[in-house]
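See below for the structure under consideration.
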Amino acid sequence: MRPLQVLAVDDEPPALEELTYLLRGDRRVGRVLAAGGSEEALRLLEDGSTDAVFLDIRMPGLDGLELMRVLGRFAHPPAVVFVTAYDDFAVSAFALNACDYLLKPVGPQRLAEAVRRVAALIESGGAAPGGPGPEPGGPAAAGSDSVATHARSAPDRLAQPAPPDDRIPVEAGGVTRFVSRDEVSYVEAQGDYVRLHTRGGAPLLRVPLAVLEERWAPHGFLRIHRRFLVSLGHVEELRSDAGHWTVRVAGGELPVSRRHSRELRELLTRWAPRPGPGGRT
1 MRPLQVLAVD
11 DEPPALEELT
21 YLLRGDRRVG
31 RVLAAGGSEE
41 ALRLLEDGST
51 DAVFLDIRMP
61 GLDGLELMRV
71 LGRFAHPPAV
81 VFVTAYDDFA
91 VSAFALNACD
101 YLLKPVGPQR
111 LAEAVRRVAA
121 LIESGGAAPG
131 GPGPEPGGPA
141 AAGSDSVATH
151 ARSAPDRLAQ
161 PAPPDDRIPV
171 EAGGVTRFVS
181 RDEVSYVEAQ
191 GDYVRLHTRG
201 GAPLLRVPLA
211 VLEERWAPHG
221 FLRIHRRFLV
231 SLGHVEELRS
241 DAGHWTVRVA
251 GGELPVSRRH
261 SRELRELLTR
271 WAPRPGPGGR
281 T
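Once you know that position 236 of the sequence shown is 236 in UniProt numbering, the rest is easy, because the numbers rise by one and skip nothing.
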């Protein structure tokens, strides 16, 4: 099979740069184009030579799902792989015949699997994006990697527990570093990114703070401010000064909003870390 011609679309420059870097590192991929939004993407797709679009969902103007519906009206639409920080659009994406749905941050292995699915879909002449799924038993229904199979299984897969995230892959400049969740003393929101503060550094991760708040709550992390999520096990001191609360974490002070102060005080008095493997806490 000839090398794939792909287009990466994301309105966040760091995320777009990382995605194009990873795509260029896959031997099955030839040309990689980049677009910072849907309008630019449509211009680059005019010649019809693109095999697949790796597409963010939340973007200004035409969002990813809307763009996919437009692509479905092309004479020869490309395959679509969504690359997003939000998991609540997966069912809609698969209903539109998305080839795959990746959650940021995306590692090289997971992206390679998406590229493999794109290649398999193109070879099998699978269903176009943006339209109704293929009929059961049709050409695209053959094999476990068909779009129809993914669309039918999407609700079931979303209902399953999320994979363990006690080791977080953080990618920068083509290097993947694994950060243990236990090392994280607090998390700071920076737009659609978060910064994981550890003794060894403060890597940036493409995921909203609200997503980590939900995922890490059972592991002793608490939202104390609109910008901060803190590990209770790393809190060194809780202080009140004229009604303004702060916590000392990793040698620094963080503000505690009034609405979170009572819950924080209560949890700190009764929270204890659960033993890890081999009795480690």
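We put the beta carbon where it would ideally sit given N, CA and C, even for glycine.
This structure is a prediction, so every number in the text was calculated from the model and none was measured.
Identify the continuous beta strand (DSSP E) that holds residue 90 and give its terminal residues. It is not in any beta strand (DSSP E) - residue 90 instead sits in the alpha helix (DSSP H) that spans 90 to 95.
Out of 176, 209, 220, 189, point me to the one whose CA is closest to residue 183's CA. Nearest option by C-alpha distance: 220.
Do the stretch 204 to 215 and the stretch 231 to 238 touch if we need at least three Cβ pairs shorter than 8 Å? By the criterion of at least three beta-carbon pairs nearer than 8 Å, the stretch 204 to 215 is not in contact with the stretch 231 to 238.
Please report how far the alpha carbon of residue 262 lies from the alpha carbon of residue 187, in whole angstroms. When rounded, the separation of the alpha-carbon atoms in residue 262 and residue 187 is 20 Å.
When you compare only the Cα positions, how much space is there between residue 57 and residue 241? The alpha-carbon atoms of residue 57 and residue 241 are separated by roughly 43 Å.
Helix, strand or coil at residue 122 [DSSP, three-state]: Residue 122 falls in the helix class under three-state DSSP.
Which value, in whole angstroms, describes the spacing of the CA atoms of residue 3 and residue 256? One C-alpha to the other measures close to 52 Å.
In angstroms, rounded to a whole number, what distance separates the CA positions of residue 116 and residue 61? Cα to Cα, residue 116 sits roughly 30 Å from residue 61.
I need the straight-line Cα distance from residue 146 to residue 67, nearest angstrom please. Below a pLDDT of 50, predicted positions are generally treated as unreliable, and residue 146, at 34, falls in that range; the measurement from the model is reported next regardless. Inter-residue distance for residue 146 and residue 67 is about 22 Å (C-alpha atoms, whole angstroms).
Alpha carbon to alpha carbon, how far is residue 215 from residue 30? Straight-line Cα distance between these residues: approximately 37 Å.
If you reduce the DSSP assignment to three classes, tell me which class residue 52 lands in. Of the three classes helix, strand and coil, the one that applies to residue 52 here is strand, per DSSP.
Output needed for residue 265: all residues of its chain with C-beta closer than 7 Å, excluding positions within five of it in sequence on either side, in chain order. Closer than 7 Å at Cβ, skipping near neighbours: 238.
Quick one: what does DSSP say residue 260 is sitting in, helix, strand or coil? In the structure shown, residue 260 sits in a helix (DSSP, three-state: H, G or I).
Under the DSSP definition of a beta bridge, which residues are partnered with residue 101? Answer is 82.
Whole angstroms are fine: how far does the CA of residue 75 sit from the CA of residue 42? In a straight line, the C-alpha of residue 42 is about 14 Å away from that of residue 75.
Where the alpha helix (DSSP H) containing residue 106 begins and where it ends: No alpha helix (DSSP H) holds residue 106; DSSP gives it neither H nor E.
Let's test the definition: count the other Cβ atoms within 10 Å of the Cβ of residue 244 and tell me whether it reaches 16, buried, or not, exposed. Within 10 angstroms of the beta-carbon of residue 244 lie fewer than 16 other beta-carbons, which makes it exposed.
Taking the alpha carbon of residue 209 as the point to measure from, which residue in 1, 191, 199, 51 has its own alpha carbon closest? The closest CA to that of residue 209, considering only 1, 191, 199, 51, is found on 191.
To the nearest angstrom, how far is the alpha carbon of residue 82 from that of residue 269? Those two C-alpha atoms are separated by around 43 Å.
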